[in-house]
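**Q** Below is one structure. I have some questions about it.
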Amino acid sequence: MTEKKTDIAITGMTCAACANRIEKGLQRMEGVTDATVNFATEKANVSFNEDKTNMASLQDKIRTLGYDVVKEEIDLNIIGMTCAACSTRIEKGLNRMEGVQNATVNLALETGHVSFDPSVLSSNDLIKKVQLLGYNAEFKNEQHGEKMDHRKVEIKKKTRLFLISALLSLPLLWTMVSHFSFTVWMYVPDFLMNPFVQWALATPVQFWIGWTFYKGAYFALRNKSANMDVLVALGTSAAYFYSVYLVLINLQHTGGTHSVGLYFETSAVLITLIILGKVFEARAKGRSSDAIQKLMKLQPKMAFVERDGVTTEIAIDDVRIGDVLMIKPGSSIPVDAKVVSGNSAVDESMLTGESLPVDKSPGDVVYAATVNANGILRVKAQGIGKDTVLSNIIRVVEEAQGSKAPIQRLADQISGIFVPIVVGIAVLTFIGWYFIFSPGNFANALESTIAVLVIACPCALGLATPTSIMAGSGRAAELGVLFKTAEAMENTKHIDTIVLDKTGTITNGRPQVTEFEVVEGFERDRIVSLAASAESQSEHPVSTAITTYGEHAKLPVESFEAIPGHGIRSVVDGQNVLIGTRKLMNEEHVELGQTIADDLESQGKTVMFMAIDGTYAGLIAVADTVKDSSEAAIIEMKKLGLHVVMLTGDQEGTARAIAAQVGIDEVFAGVLPAEKANVVAKLKAQGRRVAMAGDGLNDAPALATADVGMAMGTGTAVAMEAADITLMQGDLMRAVDAIQMSRLTVRNIKQNLFWALAYNAVGIPIAAAGFLAPWLAGAAMAFSSVSVVLNALRLQRAKMTK
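Under full-length UniProt numbering, think of the first position of the sequence shown as 1, with each following residue one higher.
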């Protein structure tokens, strides 16, 4: 068990009672062994078990009690990590610093995210700490392109080192043919067998190309830990210096003229293969951020802006809120904006995953990086730079890719003890061969020992989880599903119950006219026009639905009166129009006769009656209609083994009618907003793993209470903030995508972890048994890392249910 003490600065306390409340709340948390809160200094001193809780959980607890935590957050680019042991060491080093509240390091992304108390230390102190640990760090630049350029520079550098190393190692590799009986027929130049030539070729590879391993090993050992660099430095140095010893002994006894069995090719070829593996690994890791790069490239660099009556092209960075922009057909929209004039269809597939263009007219909102299809639009800028929906998507995806899934704790724990165990196995291998299996044969013992050291490098183990998270969350973003954290992605896999809000989630969230029955003897077009014109004077949702139904009707309205709770009275184009409830019709002595109103009301629809000049003329049924994809999505959820529940504040009859339409059996109706979270809590108390999907302000508590909250992207900002996942399209089929993507990603992580561990479990005994030449061990080690990354990249081609 790992015990840790930390200070947390707190804001919002107004009296000693606040401090006592926080103190008791922290003390009740599992894993907290002691907690004291000082009202005067506004700090909490907490001792806790890192195996049971963490800094983030402590901070969340303080926030749920109604207070806030003083913190600053920065992102770092970290250069020089080679394996999981490196990222674990940096993470632990940063977390041990006084004032650091939480630090996570991502090996695949080569980034770190740190939350810290700015009153205790500065961001430069964090940089210095990383450098002290033996790595380079720099503040992450907001210009994403620079980050990508940095990665390209690293790939070029590693490629150049590999080419030089290969050029020097190939002659040594050629000499290896003389070691095997089945290759003696191959010609090997005499000068290559000269010990001094081999020494001269191997030395720059060992100490120039391989300097990065010595440097990494030095800092690791200085900080009382071990990583891949230690294994490589030990293995290659043993081969190199033993060869140097043999050259000097040969020089002493023969004058250096005779060829002798050396191992320079072992050290040089090993370093070359490991560098090659790093090149492949870097290229593959770069591909795992393809989703983000694609999003970044979509936003145009220039925009046409109207200023002082003149349209000019300016850089996107010079656009300001309130500027009016002209968007030409076929061009990308540079900012989030509201349409001022013009009509067009806009391709929003990069945001929502929906392939069909969306019609836009004055008053509608358009988003940065979406594509204007056919008409010219004039739009007024509302969101620029970091404040666009696109920038928010990139931020959420990057945060998810940089966070850690709970399953990664296993890999981190193994990595922390892996290298020392391997060194111990290597020592035992040498002792076994030299003293037992092949007594006195130093060369055999050395080869087996080097093979064990090299094949056990834990690169694949460190890449297993983060590369899958990167690829999975990136693919999900392309589908219009935003996972806020890696933990949310893993938790989604485990849900067995999904609770769906009705209005705006299963249904469209706005009333629509479903039936408009006109009494015989009245002209239908005339009646529809009279109703739409009369209702156009009201802002009631039902009125809006009727107006939309007769959208082209523009008859003159001479008078208008709203009758609260009952309907409207109006004079339109010289005729008296009365629209309202049955009660209103009775009060106005309008004879209704036989109608289908009862049947419509039993289906959960709102029925309005219409009278013209005191005579019953028609019936209008209005309902919040089910989204086109809801029924199909719920069928798919059931196929995935989920129990589907509807939760709504609507009346029982309406709720049951909608539930029957989409195939939901369990319904909670008439639930007040404050009680929705209680229903979710009761389901969880039954042992269910619950996901909640909703879109409204009243859904936020339930979204936060659920194991996984899914907010519809068409809903309120509060709901999206409370949720773990945002479904950009506002379509329940995207909830199915989220669940499927989570399951695929977790399965991919488990595959990676299995093969990384199985590879070492099989490879180390084979190497220890002497069946694996060191250079083959190096090639296998490089292949294992690349294979893990390539397996993760399969997620980028994952196909979802349409």
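Even glycine gets a Cβ: it sits at the ideal position worked out from N, Cα and C.
Please give the ranges of any alpha helix (DSSP H) in the stretch 338-388, keeping only runs that are unbroken, at least 4 residues long and fully inside the region.
**A** Within the stretch 338-388, the complete alpha helix (DSSP H) runs of at least 4 residues are 349-352.
**Q** How close, in whole Å, do the beta carbons of Ala19 and Val69 come, if the pair is a contact with beta carbons under 8 Å?
**A** One-based indexing of the sequence shown puts residue 19 at position 19. One-based indexing of the sequence shown puts residue 69 at position 69. No, Ala19 and Val69 are not in contact; Cβ-Cβ is about 14 Å, not under 8 Å.
**Q** Quick one: what's got a C-beta closer than 7 Å to Met13's C-beta in the same chain, skipping five residues either side?
**A** Within the sequence shown, the letter at position 13 stands for residue 13. Once the five neighbours on either side are set aside, the close Cβ partners of Met13 are Ala19, Phe39, Glu42 and Tyr67.
**Q** Secondary structure at Tyr616, three-state DSSP: helix, strand or coil?
**A** Position 616 of the sequence shown holds residue 616. Strand.
**Q** Take the Cβ of Val786 as the centre, count every other Cβ of all protein chains shown within 10 Å, and call the residue buried at 16 or more, exposed below.
**A** Against the sequence shown, residue 786 aligns to sequence position 786. Val786 should be labelled buried.
**Q** With DSSP collapsed to three states, give me the class of Gln512.
**A** By one-based count along the sequence shown, residue 512 stands at place 512. Gln512 falls in the strand class under three-state DSSP.
**Q** What are the boundary residues of the beta strand (DSSP E) that Asn77 is part of?
**A** As a position in the sequence shown, residue 77 is number 77, starting the count at 1. Start and end: Glu72 to Ile79.
**Q** Give the range of the beta strand (DSSP E) segment to which Thr595 is assigned.
**A** For the purposes of this step, residue 595 is taken as residue 595 along the sequence shown, with counting starting at 1. Note, Thr595: premise wrong, no beta strand (DSSP E); not H, not E.
**Q** Note down, in chain order, each residue of its chain lying with its Cβ closer than 7 Å to the Cβ of Val680, except the 5 sequence neighbours on either side.
**A** Along the sequence shown, one-based indexing puts residue 680 at 680. Sequence-distant Cβ neighbours of Val680 in its own chain, meaning closer than 7 Å and more than five residues away, are Val499, Val690, Met692, Ala702, Thr705 and Ala706.
**Q** Determine, using beta carbons only, whether Leu672 and Ile612 come nearer to each other than 8 Å.
**A** Along the sequence shown, one-based indexing puts residue 672 at 672. Along the sequence shown, one-based indexing puts residue 612 at 612. Contact flag unset, no.
**Q** Excluding sequence positions up to five away, which residues of its chain have a Cβ less than 7 Å from the Cβ of Val358?
**A** Along the sequence shown, read from residue 1 onward, the residue named residue 358 stands at position 358. Closer than 7 Å at the Cβ level, and outside the excluded window around Val358, lie Ala345, Val346 and Glu348.
**Q** With DSSP run on the structure shown, which of helix, strand or coil describes Ile8?
**A** Sequence index remark: in the sequence shown, residue 8 carries index 8 (1-based). The answer is strand: DSSP assigns Ile8 an E or B state.
**Q** Tell me whether Ile421 is buried or exposed, calling it buried when 16 or more other Cβ atoms sit within 10 Å of its Cβ.
**A** Position 421 of the sequence shown, counting from 1, holds the residue named residue 421. With fewer than 16 neighbouring CB atoms inside 10 Å of its own CB, Ile421 falls in the exposed class.
**Q** Ordered along the chain, which non-local residues of its own chain (more than five positions away) have a Cβ less than 8 Å from that of Val205?
**A** Sequence index remark: in the sequence shown, residue 205 carries index 205 (1-based). So the qualifying residues of the chain are Ser165, Leu168, Ser169, Ser267, Ala268, Ile271 and Thr272.
**Q** At what residues does the beta strand (DSSP E) containing Met489 begin and finish?
**A** In the sequence shown, the residue the question calls residue 489 occupies position 489. Met489 -> not in any beta strand (DSSP E); alpha helix (DSSP H) instead, spanning Ala486 to Lys493.
**Q** Gly604 and Thr654 look like a contact to me (Cβ under 8 Å); what is the Cβ gap, rounded to whole Å?
**A** On the sequence shown, position 604 is the one that residue 604 refers to. On the sequence shown, position 654 is the one that residue 654 refers to. Indeed, because the Cβ distance is near 3 Å, the residues count as touching under 8 Å.
**Q** Per DSSP, which one or two residues make a beta bridge with Ile327?
**A** Taking the first residue of the sequence shown as 1, we reach residue 327 at position 327. In the DSSP output, where bridge partners are listed per residue, Ile327 has Leu377.
**Q** Contact between the stretch 562-573 and the stretch 581-588: three or more CB pairs below 8 Å?
**A** yes
**Q** Taking the Cβ atom as the reference point for each residue, do Asn791 and Asn760 lie within a distance shorter than 8 Å?
**A** Position 791 of the sequence shown, counted from the first residue, corresponds to residue 791. Position 760 of the sequence shown, counted from the first residue, corresponds to residue 760. Contact flag unset, no.
**Q** Please tell me whether Val419 and Ala226 are closer than 8 Å, where the distance is taken between their beta carbons.
**A** Position 419 of the sequence shown holds residue 419. Position 226 of the sequence shown holds residue 226. A contact, by the Cβ cut-off of 8 Å.
**Q** Quick check on Phe610: does DSSP put it in helix, strand or coil?
**A** Walking along the sequence shown from the start, residue 610 turns up at place 610. The identity of residue 610 in the sequence shown is Met, whereas the question assumes Phe. The three-state reading of DSSP puts Met610 in strand, counting E and B together.
**Q** Throw me the rounded Cβ distance for the Arg89 and Leu133 pair, which I believe falls under 8 Å.
**A** Translated into the one-based positions of the sequence shown, residue 89 becomes position 89. Translated into the one-based positions of the sequence shown, residue 133 becomes position 133. About 6 Å; that satisfies the 8 Å criterion.
**Q** Could you check the C-alpha separation between Asp731 and Ile739 for me, to the nearest Å?
**A** Looking up residue 731 in the sequence shown gives position 731. Looking up residue 739 in the sequence shown gives position 739. Rounded to whole angstroms, Asp731 to Ile739 spans 14 Å at the Cα level.
**Q** Which residue spans inside the stretch 160-243 form an unbroken alpha helix (DSSP H) run of at least 4?
**A** 195-204 and 211-222
**Q** Going by other Cβ atoms of all chains shown within 10 Å of its Cβ, with 16 needed for buried, is Met728 buried or exposed?
**A** For the purposes of this step, residue 728 is taken as residue 728 along the sequence shown, with counting starting at 1. Looking at its Cβ environment, which holds 16 or more other Cβ atoms inside 10 Å, Met728 is buried.
**Q** Taking a contact to mean a Cβ-Cβ separation below 8 Å, would you say Ser332 touches Gln299 in this structure?
**A** Counting from 1 along the sequence shown, the entry for residue 332 is found at position 332. Counting from 1 along the sequence shown, the entry for residue 299 is found at position 299. Closer than 8 Å, so yes.
**Q** Assign Leu390 to one of two classes, buried (16 or more other C-beta atoms within 10 Å of its C-beta) or exposed (fewer than that).
**A** The sequence position of residue 390 within the sequence shown is 390, counting from 1. The residue in question, Leu390, is buried, as its Cβ has 16 or more Cβ neighbours within 10 Å.
**Q** Is the beta carbon of Ala777 sitting closer than 8 Å to the one on Val454?
**A** Working through the sequence shown from its first residue, we reach residue 777 at position 777. Working through the sequence shown from its first residue, we reach residue 454 at position 454. Closer than 8 Å, so yes.
**Q** Considering only the beta carbon of each residue, do Thr388 and Val335 sit closer than 8 Å?
**A** Taking the first residue of the sequence shown as 1, we reach residue 388 at position 388. Taking the first residue of the sequence shown as 1, we reach residue 335 at position 335. In contact: Thr388 and Val335 (Cβ atoms closer than 8 Å).
**Q** Mind the definition here: the stretch 591-605 touches the stretch 555-565 only if three or more C-beta pairs lie below 8 Å; say whether that holds.
**A** no
**Q** Applying the 10 Å Cβ sphere with the 16-neighbour rule, what's the burial state of Gly521?
**A** Residue 521 sits at position 521 when you count from the first residue of the sequence shown. So Gly521 ends up on the exposed side.
**Q** So who's on the other strand from Ile568, going by DSSP bridges?
**A** Reading the sequence shown from its first residue, position 568 is the one you call residue 568. Here Ile568 is bridged, per DSSP, to Ala562 and Ile579.
**Q** Using a Cβ-Cβ cut-off of 7 Å (strictly less than) and excluding sequence neighbours within five positions of Gly25, which residues of its own chain qualify?
**A** Looking up residue 25 in the sequence shown gives position 25. Within the same chain, Gly25 has close Cβ partners Lys61 and Leu65.
**Q** Pair every Cβ in the stretch 633-640 with every Cβ in the stretch 588-598, then say whether three or more of these pairs are closer than 8 Å.
**A** no
**Q** Out of Phe280, Asp308, Asn136 and Lys158, which one is the CA nearest neighbour of residue 810?
**A** Outside the shown range of the chain (1 to 802) lies residue 810, about which nothing can therefore be said.
**Q** In whole angstroms, what separates the C-alpha of Thr615 from that of Ala597?
**A** Sequence index remark: in the sequence shown, residue 615 carries index 615 (1-based). Sequence index remark: in the sequence shown, residue 597 carries index 597 (1-based). Ala597 has its alpha-carbon roughly 17 Å from the corresponding atom of Thr615.
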